[in-house]
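One structure is given here, and the rest of the page talks about it.
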Amino acid sequence: MQFIDLKAQQQKIRSLIEEKIKVVLDHGKYIMGPEVDLLESRLASYVGVNHAISCASGTDALLLALMAQEVQPGDCILTTPFTFMATAETIALLGAIPVFVDIDPITFNLDVDQVGKAIAALQFADSAPYPLPRGVVPGKQRLGGIIAVDLFGIPADYRQINAIAAAHGLFVIEDAAQSCGGERAGKRACGLAQIGCTSFFPAKPLGGYGDGGMCFTDDAVLAERMRSLRVHGQGQDKYENVRIGLNGRLDTLQAAILLAKLEIFPEEVQRRQEVAGSYAELLDGPSSPVVVPRVPSDCLSAWAQYSVLAKDGEHRAQVQDRLRQAHVPTAIYYPKPLHLQEAFAFLGYKEGDFPVSEDCARRIFSLPMHPYLTRAEQEQIATLIAG
Ligand SMILES: *Cc1c(COP(=O)(O)O)cnc(C)c1O
17 MQFIDLKAQQ QKIRSLIEEK IKVVLDHGKY IMGPEVDLLE SRLASYVGVN HAISCASGTD
77 ALLLALMAQE VQPGDCILTT PFTFMATAET IALLGAIPVF VDIDPITFNL DVDQVGKAIA
137 ALQFADSAPY PLPRGVVPGK QRLGGIIAVD LFGIPADYRQ INAIAAAHGL FVIEDAAQSC
197 GGERAGKRAC GLAQIGCTSF FPAKPLGGYG DGGMCFTDDA VLAERMRSLR VHGQGQDKYE
257 NVRIGLNGRL DTLQAAILLA KLEIFPEEVQ RRQEVAGSYA ELLDGPSSPV VVPRVPSDCL
317 SAWAQYSVLA KDGEHRAQVQ DRLRQAHVPT AIYYPKPLHL QEAFAFLGYK EGDFPVSEDC
377 ARRIFSLPMH PYLTRAEQEQ IATLIAG
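For the sequence shown, my numbering puts the final residue at 403, and the numbers step up evenly by one.
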């Protein structure tokens, strides 16, 4: 059994992918070829925003978004510790300070009430009401913005997050690396905040055959800045540089592959709903040994992962072992929250600062999830979980 079955997907669209790769080989425009423009306009209209700026990875998408927001060294950026490294890493790369806020135990996304508490603590630089990173000095730090993450495919609560941000003059970046294809309150993920950032890493819901990413925005000024930053801070002319940027372009070949994958993407998102529905039917119930994911009523999850909670760490190890012996792969996202990672030791956080993230890290594990999972495979998984 596959954790994510990219082979089954390829079988479906192999000839289309080969055709599109051949077109690129024929025209030879490997950098910023016509497929890049086409993918940007297709995805902008899919998401429902005015501008889409492709780039080299989801990590670069976050970096471009933060740079476009003119984040400065020492700025405080609020985010979740229960996410992939890149979310907080890009903040630190710019010399800004990640300020972690614990998650909601149901959606695993930022807990909106705690965002308010963290902002209040930051304003007085007082870590008594809420844990703050080391070295925050009252009056010296600018509170820049919030990066919310749509973990496992469920969009965060942007109605509330955007309102809090507006009240404090903060920007909001949506880390939609896992939620492309999802929806909240009738709007597509990637378009739920000022800037949305996604990833085309092969295992993401819309994955290519290599690295890639995209930024989405309705704001023409931010879009222009991100286009410039993507190519060494380019100005009007190729050899005019108006700001410090990076080489962060998406390859034409990757865009061509993604255009082929986009053809079946809406069907795949639909299939993911059915697979998640079957899991819930098979695994949910008063005597279930695991807690299954709950999607808020106004949301559609992109189901990047189907993550369940075991009773405790020991129970998780037992269930994972049972599945492994039956050749059913599982994974743990994420075994260690970012505030406890060595890379962020300089922030001075400690165990106990974010108890919900820490509890989830001990109990969570993800089951095989992809559009080609069969009901029979899911029944086998459910039987193994029950023990
Ligand atoms: C995958 C991922 C990223 C980074 O994307 P890359 O394309 O691998 O650089 C960022 N944030 C989250 C939440 C992710 O899952």
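We treat Cβ as the ideally placed atom computed from N, Cα and C, and that holds for glycine.
Next on the checklist: One question on the structure: do Ser323 and Tyr295 come within less than 8 Å of each other, judged by their Cβ atoms?
Outcome noted: no
Next on the checklist: Please return the same chain residues whose Cβ sits closer than 8 Å to the Cβ of Ile93, not counting the five positions on each side in sequence.
Outcome noted: Leu82, Val87, Ile107, Ala112, Ile113, Pro114, Val115, Gly160, Gly161, Ile162, Ile163
Next on the checklist: Just to confirm the assignment, what range does the beta strand (DSSP E) spanning Tyr322 have?
Outcome noted: 322-325
Next on the checklist: Measuring CB atoms only, is the region 197-204 touching the region 171-179, in the sense that at least three cross pairs come out at less than 8 Å?
Outcome noted: yes
Checklist entry - Should Phe168 be listed as close to ligand 1, given that the test is whether its C-beta is under 7 Å from any heavy atom? => result In this structure, ligand 1 has no non-hydrogen atom nearer than 7 Å to the beta-carbon of Phe168.
Item to check | Three-state secondary structure assigned by DSSP to His405 | outcome: This structure does not reach residue 405, given that the chain is present from 17 up to 403, and the question cannot be answered.
Next on the checklist: I need the boundaries of the alpha helix (DSSP H) containing Cys376, first residue and last residue.
Outcome noted: 371-379
Checklist entry - Roughly how many angstroms lie between the CA atoms of Glu330 and Leu138, to the nearest whole one? => result 37 Å
Next on the checklist: Please tell me whether Arg265 and Met48 are closer than 8 Å, where the distance is taken between their beta carbons.
Outcome noted: yes
Next on the checklist: For the alpha helix (DSSP H) containing Val128, name the first residue and the last one.
Outcome noted: 128-139
Item to check | Beta-carbon gap between Pro312 and Thr96 smaller than 8 Å | outcome: no
Checklist entry - Taking three-plus beta-carbon pairs below 8 Å as touching, is the region 262-282 in contact with the region 365-374? => result no
Checklist entry - Which of the three DSSP states, helix, strand or coil, is assigned to Ala144? => result Per DSSP, reduced to three states, the secondary structure at Ala144 is coil, with no helix or strand assignment.
Item to check | Lys23 to Phe281 span [Cα, whole Å] | outcome: 15 Å
Item to check | 3-residue-minimum beta strand (DSSP E) runs that sit fully inside the region 183-251, ordered along the chain | outcome: Counting only unbroken stretches of 3 or more residues, the beta strand (DSSP E) elements lying wholly within the region 183-251 are 187-191, 211-215, 229-233, in sequence order.
Checklist entry - Is it right to say Pro89 is buried, meaning 16 or more other beta carbons lie within 10 angstroms of its own, or is it exposed? => result exposed
Checklist entry - Roughly how many whole angstroms lie between the Cα atoms of Pro218 and Asn125? => result 23 Å
Next on the checklist: Please tell me whether Gly228 and Val247 are closer than 8 Å, where the distance is taken between their beta carbons.
Outcome noted: No, the pair does not count as a contact, with Cβ atoms beyond the cut-off.
Next on the checklist: Helix, strand or coil for Phe124? Go by DSSP, reduced to three states.
Outcome noted: In this structure, Phe124 counts as coil in the three-state DSSP scheme.
Next on the checklist: Tell me the DSSP secondary structure of Val291 in three-state form.
Outcome noted: Note: Val291 maps to helix in three-state DSSP.
Next on the checklist: Any heavy atom of ligand 1 inside 7 Å of the beta-carbon of Ser73?
Outcome noted: yes
Checklist entry - Is the region 68-84 touching the region 52-59, taking contact as three or more C-beta pairs under 8 Å? => result yes
Checklist entry - Count the other CB atoms within 10 Å of the CB of Val63; is the residue buried (16 or more) or exposed (fewer)? => result In this structure Val63 is buried. Its beta-carbon is surrounded by 16 or more other beta-carbon atoms within 10 angstroms.
Checklist entry - When you compare only the Cα positions, how much space is there between Ala205 and Glu34? => result 29 Å
Checklist entry - According to DSSP, which residues form a beta bridge with Gly161? => result Ile93, Phe187
Next on the checklist: If you follow the beta strand (DSSP E) that Val115 is in, where does it begin and where does it stop?
Outcome noted: 113-116
Checklist entry - Hey, would you say the C-beta of Leu78 is under 7 Å away from at least one heavy atom of ligand 1? => result yes
Checklist entry - Does ligand 1 have a heavy atom nearer than 7 Å to the CB of Phe100? => result yes
Next on the checklist: Looking at the secondary structure, which residues open and close the alpha helix (DSSP H) in which Lys352 lies?
Outcome noted: Note, Lys352: premise wrong, no alpha helix (DSSP H); not H, not E.
Checklist entry - Would Gln321 be called buried (16 or more neighbouring beta carbons within 10 Å of its own) or exposed? => result buried
Item to check | Val291 vs Pro149 beta-carbon contact at 8 Å | outcome: no
Checklist entry - Assuming Leu222 contacts Gln194 under a Cβ cut-off of 8 Å, what Cβ separation, rounded to an integer in Å, is found between them? => result 10 Å between Cβ atoms; not a contact.
Item to check | Unbroken alpha helix (DSSP H) run spanning Ala392, endpoints | outcome: 391-402
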